[in-house]
Amino acid sequence: MAQSPLLPLDLRIRTIEAQLFGVPNSISETPSHSTSTVGKPATRRLRDVQESLERLGSSSEGIKRLIDGYNQYLPLLTLPTASNPSAQNDDPSVTPSTQSQSIREEDLLPDSVKLAMILEAAGDITTAERDLREVEILKGRGVEGSGDLEELIPLRGELVKAMQESTKQGTELDKARNEVGHLLMRYNEFTDTASELFLDLHHQLEALEEGVAKLERKKRKEIASRY
C-alpha cells in the first residue's frame, strides 16, 4: 500500500493540535475540538487555518504585523513540548524544591487557555492600533509642541495686562457702538420730521398758488366787465 505524501504533514498538524489542546486519556476518546475536522484532508485544514489568519490579520494592523513578524516573535510564541513524567521521576537530581521553582505562573495555565487569551486580546490590539494612529495624526499636526507651555509662564503678566486692555477696549467699543446707534436713531427721526415739514410746506404753497390764481381770474373779470 503506497504511503500518502501528506501523511508526515498530517502527523505534524496533529502533533501541534496535541500540544495546543492536549492528548485524550484513551485512544477511543475523541477530542471535542477535532469533531469538526474529522475526514478533512491536511491541505484543506491548512487552507482553513490560513484563511482564518488572513481574516484576523485584515481586521487589525497590529495583528497583521504580528503575523508578518512571526519569526521575530517566535521565542515568545513557541509552546513548550510535553515532557515525560517518568523521566523526571527517574532523574535523582530533580528534587521537589527544584521542581517547584521551575514551575512558573504561566505554566499553570493550559495552552488552550493561553491561546484563547491571545485571541480575546484582538479587540484590545485593534483599539491600541487606533489610538496609535490618532497619536500619529496629532503629532503630524504639531500638537506635541504644547509641551513648551512652561516657557510661556514668564509672559503671564504681560498676557494678563493684554487681556485687561482688550477687555477695556471692548467696553469702549460697545459704548461707541451704542452712541452710533443713538445717532442713527436721531438721524432717522430728524429725516422723518424734515420730510413731514417739507410736505406741509408743499401743501401750503399749493394753497397760496391756488389763492393767487383765483384773485387774478377775479381781477381779469372785473376789468373785462368795465369795458
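The opening position of the sequence shown corresponds to residue 1 in the numbering used here, with each subsequent residue numbered one higher. The beta carbon of each residue, even a glycine, is placed where N, CA and C say it ideally should be.
So, is residue 170 buried or exposed, given that buried needs 16 or more other C-beta atoms within 10 angstroms? With fewer than 16 other beta carbons inside 10 angstroms of its own, residue 170 counts as exposed.
- Item | Cβ distance (whole Å) where residue 58 is taken to contact residue 122 below 8 Å | With 8 Å as the limit, residue 58 and residue 122 do not qualify as a contact, their Cβ atoms being about 12 Å apart.
Check your understanding: Regarding residue 226 and the ligand NAD, is the C-beta to nearest heavy atom distance less than 8 Å?
Key -> Absence of the ligand NAD from the depicted structure is noted, as is the absence of any ligand whatsoever, leaving it without description.
**Per-residue DSSP class, three states only, for residue 121** = Here residue 121 carries a coil assignment [DSSP, helix/strand/coil].
Inset, instruction - Below 8 Å on the Cβ atoms is my guess for residue 129 versus residue 62; work out the distance and round it to an integer in Å. - result: Indeed they touch by this definition, with Cβ atoms about 4 Å apart.
Practice task
For residue 211, name the three-state secondary structure that DSSP assigns.
Solution key: Of the three classes helix, strand and coil, the one that applies to residue 211 here is helix, per DSSP.
Excluding sequence positions up to five away, which residues of its chain have a Cβ less than 7 Å from the Cβ of residue 86?
Residue confidence for residue 86 is low, a pLDDT of 43 falling below 50, so the modelled location carries little weight; the figure read from the coordinates is stated next. Taken in chain order, the list of residues that qualify is empty.
Q | residue 65: first and last residue of the uninterrupted alpha helix (DSSP H) it sits in | A | Here the alpha helix (DSSP H) through residue 65 covers 61-68.
Cα separation between residue 212 and residue 226? In this structure, the CA atom of residue 212 is about 22 Å from the CA atom of residue 226.
Note to self: Given a cut-off of 9 Å on the beta-carbon distance, is the pair residue 66 and residue 16 in contact?
What the structure shows: No, Cβ-Cβ distance for residue 66 and residue 16 is not below 9 Å.
task = Taking 9 Å as the cut-off, decide whether the C-beta atoms of residue 228 and residue 13 are in contact.
result = It is not possible to answer for residue 228, since the shown part of the chain is limited to 1 through 227.
* Could you check what DSSP says for residue 226 in three-state terms: helix, strand or coil? => The answer is helix: DSSP assigns residue 226 an H, G or I state.
(message) What does the alpha-carbon distance come out to for the pair residue 203 and residue 196?
(response) In a straight line, the C-alpha of residue 203 is about 11 Å away from that of residue 196.
#### Entry: Pairwise C-alpha distance: residue 159 and residue 187
Straight through space, the alpha carbons of residue 159 and residue 187 are spaced by roughly 41 Å.
(request) Name the residue from 119, 208 and 138 whose alpha carbon lies nearest to the alpha carbon of residue 52. (result) Measuring from the Cα of residue 52, the nearest candidate turns out to be 119.
Notebook entry, point to check: Would DSSP call residue 141 helix, strand or coil?
Noted result: Per DSSP, reduced to three states, the secondary structure at residue 141 is coil, with no helix or strand assignment.
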